[in-house]
Structures are given as C-alpha cells and as structure tokens.
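Quick note: the sequence shown uses our numbering, first residue 93, plus one each step. For glycine and all other residues, C-beta sits at the position ideal for the given N, C-alpha and C.
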Amino acid sequence: MPESWEINADYVAVKALENGVTIIGLTRGKDTRFHHSEKLDKGEIMIAQFTEHTSAIKIRGKVELLTKYGVMRNDDLL
93 MPESWEINAD YVAVKALENG VTIIGLTRGK DTRFHHSEKL DKGEIMIAQF TEHTSAIKIR
153 GKVELLTKYG VMRNDDLL
C-alpha cells in the first residue's frame, strides 16, 4: 500500500444467514440516495466501508454483522 494512502473509514463485515440478502449503500449529502447494491446468498460474506460517498448501509434479510462495536444478528429480533 502506498504511504500516501490513509484508511480512516469504518468497515463492517456482513455474513448472509439466508439466500437473497440485499445490501444497499446510501450516499451522503443534501439528498440521500441509493448508490450501490449487492445480493448475497447464505454463507457469503461482504466487507463494506463507510467513505466520503457512503454514509449508511441498509440491509434486507437475515445477517450477522461484525462492526468495531461488536457482533449483531438480526435473526434474533424477527
């Protein structure tokens, strides 16, 4: 990695607990908009990063989410 690169954004790891989980990246700014989406099947893992363009991530489906704040599972809540 070049010395000029600085990584200071938060990452989250998302593990799909069922097929068809949707992850949607939402933009920053005056108007919040969808800017990217991914579909995961059971067992697949995606690592996402909050950046100058991404201010929120919306997740549909049962997942295990790993953040710097801890691990969350939304299947316990349903």
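Please confirm whether residue i and residue j have their CB atoms less than 8 Å apart.
{"i": "glycine 112", "j": "glycine 153", "result": "yes"}
{"i": "alanine 148", "j": "valine 106", "result": "no"}
{"i": "serine 129", "j": "isoleucine 137", "result": "no"}
{"i": "lysine 150", "j": "leucine 109", "result": "no"}
So residue i and residue j are supposed to be a Cβ contact under 8 Å. How far apart are they, rounded?
{"i": "leucine 118", "j": "threonine 146", "result": "7 Å"}
Do you know offhand how far residue i's Cα is from residue j's?
{"i": "tyrosine 103", "j": "leucine 157", "result": "11 Å"}
{"i": "valine 163", "j": "valine 155", "result": "10 Å"}
{"i": "proline 94", "j": "histidine 127", "result": "With a pLDDT of only 48 at proline 94, under the threshold of 50, the placement of this residue in the model should not be trusted; the figure read from the coordinates follows. When rounded, the distance between both Cα atoms is 27 Å."}
{"i": "tyrosine 161", "j": "arginine 125", "result": "26 Å"}
{"i": "threonine 159", "j": "leucine 132", "result": "18 Å"}
Against chain C, does residue i count as a neighbour if the rule is that its beta carbon must be under 8 Å from one of theirs?
{"i": "leucine 157", "result": "In summary, chain C is missing from the structure at hand, where a single protein chain is found."}
Unbroken stretches of the beta strand (DSSP E), 3 residues or longer, contained in the region 109 to 158: As for any beta strand (DSSP E) of minimum length 3 sitting wholly inside the region 109 to 158, the runs are 113 to 119, 126 to 132, 137 to 141 and 146 to 152, ordered along the chain.
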